[in-house]
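Novice: Here's a structure for you.
There are 2 protein chains.
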Amino acid sequence: MKLALDDLVDFARGAAFLGTGGGGDPYIGRLMVENVMRAGGAIEIIAADQVPDDALVVPTAMMGAPTVIIEKLVRGDETGQALRRLERILGRKAYATMPIEAGGLNSMIPLVVGAQLGLPVVDADGMGRAFPEVQMVTFSVYGVSASPMTIVNEHGECVIVEARSSHSTEWLGRVVCTRMGGAAHVACYPMSGRELKDYGIRRTMSLSLEIGRAIRRAREHSEDPFEGLIRYLRSTDHYRHAQVIFDGKIGDMRRETTRGWAIGYATIEAFAPFTGTMEITFRNENLVARVAGKVKAIVPDLICICDRETAEPITTEALRYGQRVKVMGVSVPDIMRRPESLAVFGPRGFQIDEPFQPIETLF
Amino acid sequence: MKLALDDLVDFARGAAFLGTGGGGDPYIGRLMVENVMRAGGAIEIIAADQVPDDALVVPTAMMGAPTVIIEKLVRGDETGQALRRLERILGRKAYATMPIEAGGLNSMIPLVVGAQLGLPVVDADGMGRAFPEVQMVTFSVYGVSASPMTIVNEHGECVIVEARSSHSTEWLGRVVCTRMGGAAHVACYPMSGRELKDYGIRRTMSLSLEIGRAIRRAREHSEDPFEGLIRYLRSTDHYRHAQVIFDGKIGDMRRETTRGWAIGYATIEAFAPFTGTMEITFRNENLVARVAGKVKAIVPDLICICDRETAEPITTEALRYGQRVKVMGVSVPDIMRRPESLAVFGPRGFQIDEPFQPIETLF
């Protein structure tokens with residue numbers, strides 16, 4: 001996969017779509033990557049298969065509440081510091097970095113790190129979407145530990161978490177991240193190339209670029225961008241069940257920055273032919289969409305709120321009263337729907353008292 | 364200094380006196396040391412002068428709210444783990460451990476660590492009393508950093524804090540400690556023998572033993588234990604200003620376990636010849652004692668609430684309505700009263716809007 005400066009707008013848009021409300025602001029993510037590219041930083045994206053089985057891969061990301069991340073500026077080298085500190089803890093050099101999740105910011109951060117440290121970035125991640133908690137990745141489902149995790153702030157301070165489980169890494173790391181002001185830079189899930197290949201969700205950076213392009217091209221051809229997007233998604237293997245599940249105007253909203261996340265809900269008043277009110281609850285990411293109490297889409301499937309004219313994805317921290325939006329429901333890769341995965345990031349992982357229902361059974 | 368099994372009751376009592384309400388429960392501290400001594404652990408206490416200038420000294424302690432520490436049992440090897448992990452971070456072996464503060468628990472913890480790991484324990488600490496925050500030690504006043512600090516819990520999980528200042532080490536470490544359940548085990552302030560000798564408060568372990576003995580011997584001779592204690596303190600260099608500043612019965616109390624500490628106040632209704640009500644505010648340790656709004660003793664001088672018959676020190680978490688107590692005010696070593704020290708742990712360090720007034724000017 002090649003990524004040119006001109007691709008960044010499409011790439012950020014597509015990543016934000018997969019971010020399903022979370023994963024950070026795509027504008028900030030794009031500015032950060034533009035910055036390193038304009039400064040001459042070379043970005044090398046490699047396929048998972050190019051990573052030797054015994055090589056060390058270290059994902060990098062920002063952790064925190066997206067409501068904070070849009071206000072708290074970064075210095076720029078924090079995430080690279082987190083990776084370097086983790087290397088020293090492990091006594092090994094990283095072969096590559098990669099995103100832990102897909103999102104407007106968190107698909108970009110590893111590109112910044114890669115360009116700054118001269119590391120390739122693997123075209124893969126740990127969920128093919130975004131999730132709010134550290135343990136909510138395929139790697140932890142299959143036994144790769146999030147620990148040791150390094151957490152770095154804008155002062156160059158570092159906290160290293162060595163926990164007994166990925167869940168405990170989240171528990172301890174979240175409060176550090178909150179104490180650092182609500183957002184911080186992390187390196188975690190150090191893993192072998194073999195583990196990456198066995199459990200990673202592949203080609204999600206390419207997918208982000210293609211999603212962003214499909215939306216732009218439909219606009220350029222005066223086509224409904226949702227039609228262009230759905231046509232593209234149906235051509236993919238994993239995200240082929242895709243549909244507009246609601247159309248309307250944002251009404252009530254509540255959003256709190258609390259316990260380290262942006263938590264809340266938005267209601268959407270229907271435009272015909274849809275009827276009633278959709279309520280979407282979120283914790284950084286959109287978790288469940290209901291109309292009159294009935295589930296229309298639920299984690300880990302994607303619930304994407306987009307501008308109803310342009311199909312531009314809207315992250316949860318950018319939702320506002322009065323926005324006219326369409327909501328898309330999209331399936332996720334099969335590995336994300338296995339029972340062991342659903343136990344970690346299915347509805348129960350979020351204390352939602354509903355069974356998982358594949359989006360294609362709800363259309 | 365020699366410490367036999369038979370000395371532990373005296374030693375714990377004296378350490379609790381210097382703990383000035385905090386520093387942890389002396390009964391728990393004593394049980395832990397008895398345990399390692401009965402299991403054959405040898406305790407070697409050395410003078411600060413015996414430590415080579417270039418040797419590494421690593422203080423060890425428990426951190427948290429004493430209200431939690433009396434309920435949350437320890438496994439026993441956590442503090443030693445914290446020291447060992449810090450050694451690996453530094454790439455150096457510790458020559459000795461030592462207390463960071465004097466207190467019923469925190470004077471004992473290094474003895475446990477020393478016996479378990481075969482390290483001598485230095486007869487010194489960083490304040491000659493107890494304080495609630497990590498940066499409140501002479502070492503940080505004179506530029507020794509609290510970081511890196513290792514924080515270990517009962518699961519053997521470790522969080523390593525590498526902060527830009529001792530104050531920031533406290534800020535980040537406190538929330539980890541709270542997240543670990545309100546109490547955890549730490550190793551911090553790695554320093555050279557030279558730094559220890561320059562900034563440490565010396566012989567505070569010996570002092571604890573002597574204080575405990577003075578109280579016991581007075582009881583054994585049917586003397587007022589406060590008289591015996593005051594006579595001994597007046598014979599010391601640093602703690603020579605010592606007096607009973609109030610006598611009465613505990614009335615109102617408030618105690619919250621919040622933000623990682625036990626915070627609150629106790630009021631004491633006077634017995635003649637004292638009059639009025641003394642109010643003592645505390646954050647783990649007693650901070651300021653007032654009668655009718657007038658300061659009678661204030662940090663960093665010692666405010667020690669003791670049983671009025673036996674002079675047994677009462678920690679803030681053990682204060683109860685109806686207890687009959689005497690309050691002692693005691694001076695601290697001169698290094699603790701210098702302007703640069705008062706800036707860190709004088710009244711302003713606790714957001715108390717009063718100037719420091721030496722206890723001897725208030726008698």
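Note that the protein sequences, when read in sequence, are chains A and B.
All letters in the first sequence, in the order written, are residues 1 to 363 by my numbering.
All letters in the second sequence, in the order written, are residues 364 to 726 by my numbering.
For glycine and all other residues, C-beta sits at the position ideal for the given N, C-alpha and C.
(1) State whether the stretch 354-361 of chain A contacts the stretch 138-150 of chain A, with contact taken as three or more CB pairs (one from each stretch) at a distance under 8 Å.
(2) Once the 5 residues before and after S235/A are set aside, which same chain residues still bring their CB inside 8 Å of it?
(3) Going by DSSP, what residues sit across from T267/A in a beta bridge?
(4) Compare the C-beta of R527/B against all C-beta atoms of chain A and say whether one is closer than 8 Å.
(5) For E133/A and chain B, any beta-carbon pair shorter than 8 Å?
(6) Please classify T20/A: does DSSP put it in a helix, a strand, or coil?
(7) What does a CB cutoff of less than 7 Å around L449/B pick up in its chain, not counting 5 residues either side in sequence?
(8) Throw me the rounded Cβ distance for the V695/B and V504/B pair, which I believe falls under 8 Å.
(9) Which partner residues does C669/B have in the DSSP bridge list?
(10) For a contact defined as C-beta to C-beta under 7 Å, what are the partners of H604/B on chain A?
(11) Determine whether the Cβ of C158/A lies closer than 8 Å to any Cβ atom of chain B.
(12) I think V176/A touches V159/A, with their Cβ atoms under 8 Å apart; what is that distance to the nearest whole Å?
(13) DSSP puts L419/B in a beta bridge; with which residues?
(14) Which of the residues in the stretch 166-190 of chain A, read from start to end, lie with their CB under 7 Å from any CB of chain B?
(15) Which residue from Y265/A, V121/A, L56/A and G114/A puts its Cα closest to that of L90/A?
(16) Anyone know if the C-beta pair for G382/B and A509/B falls short of 8 Å?
(17) What residue range is occupied by the uninterrupted beta strand (DSSP E) comprising M1/A?
(18) Indicate the three-state DSSP secondary structure (helix, strand or coil) for D25/A in the structure shown.
(19) Does V161/A get closer than 8 Å to chain B when you measure Cβ to Cβ?
(20) Of all Cβ atoms in chain A, is any one closer than 8 Å to the Cβ of H518/B?
(21) Need the endpoints of the beta strand (DSSP E) that E619/B sits in, please.
(22) Should D25/A and L111/A be called a contact, given that it needs their Cβ atoms to be closer than 8 Å?
(23) Judging by CA-CA distance, which residue of I268/A, I303/A and K294/A is the nearest neighbour of E285/A?
(24) Have a look at R778/B and M616/B and give me their C-alpha separation to the nearest angstrom.
(25) Determine, using beta carbons only, whether R202/A and A48/A come nearer to each other than 8 Å.
(26) Tell me whether the beta-carbon of I109/A lies closer than 8 Å to the beta-carbon of T79/A.
(27) For A478/B, name the three-state secondary structure that DSSP assigns.
(28) For Q81/A, count neighbouring C-beta atoms within 10 Å of its own C-beta (all shown protein chains included) and say buried if the count is 16 or more, exposed if not.
(29) Determine whether the beta carbon atoms of I69/A and I28/A lie at a separation below 8 Å.
(30) With distances taken from CA atoms, which of A424/B, R438/B, D697/B and E675/B is nearest R687/B?
(31) Compute the distance between the beta-carbons of I352/A and V291/A, then report whether it is under 8 Å.
(32) Quick check on the burial criterion: 16 or more other C-beta atoms within 10 angstroms. Buried or exposed for G481/B?
(33) Mind pulling the beta strand (DSSP E) runs of 3 or more residues that sit fully within the stretch 465-535 of chain B?
Specialist: With the given structure in hand:
(1) no
(2) none
(3) E279/A
(4) yes
(5) no
(6) coil
(7) V421, P511, T513, A550 and P553
(8) So it is not a contact: roughly 13 Å between Cβ atoms.
(9) P676/B and K689/B
(10) By Cβ distance, chain A contributes nothing, its closest Cβ being about 40 Å from H604/B, past 7 Å.
(11) Closer than 8 Å: yes.
(12) 5 Å
(13) S555/B
(14) S168, W171, L172, V175, V176 and R179
(15) Ranking the options by Cα distance to L90/A, first place goes to L56/A.
(16) no
(17) Where M1/A is concerned, there is no enclosing beta strand (DSSP E), given that its DSSP letter is neither H nor E.
(18) coil
(19) yes
(20) Yes, its Cβ sits closer than 8 Å to a Cβ of chain A.
(21) A605 to T621
(22) no
(23) Checking every option, the nearest Cα to that of E285/A belongs to I303/A.
(24) Since the first residue of chain B shown is 364 and the last is 726, residue 778/B is not available in this structure.
(25) Between R202/A and A48/A, the CB-CB gap stays under 8 Å.
(26) yes
(27) Under the three-state reduction of DSSP output, A478/B falls in the helix class.
(28) buried
(29) yes
(30) E675/B
(31) Contact annotation: I352/A and V291/A have beta-carbon atoms that are not nearer than 8 Å.
(32) exposed
(33) 512-515 and 521-525
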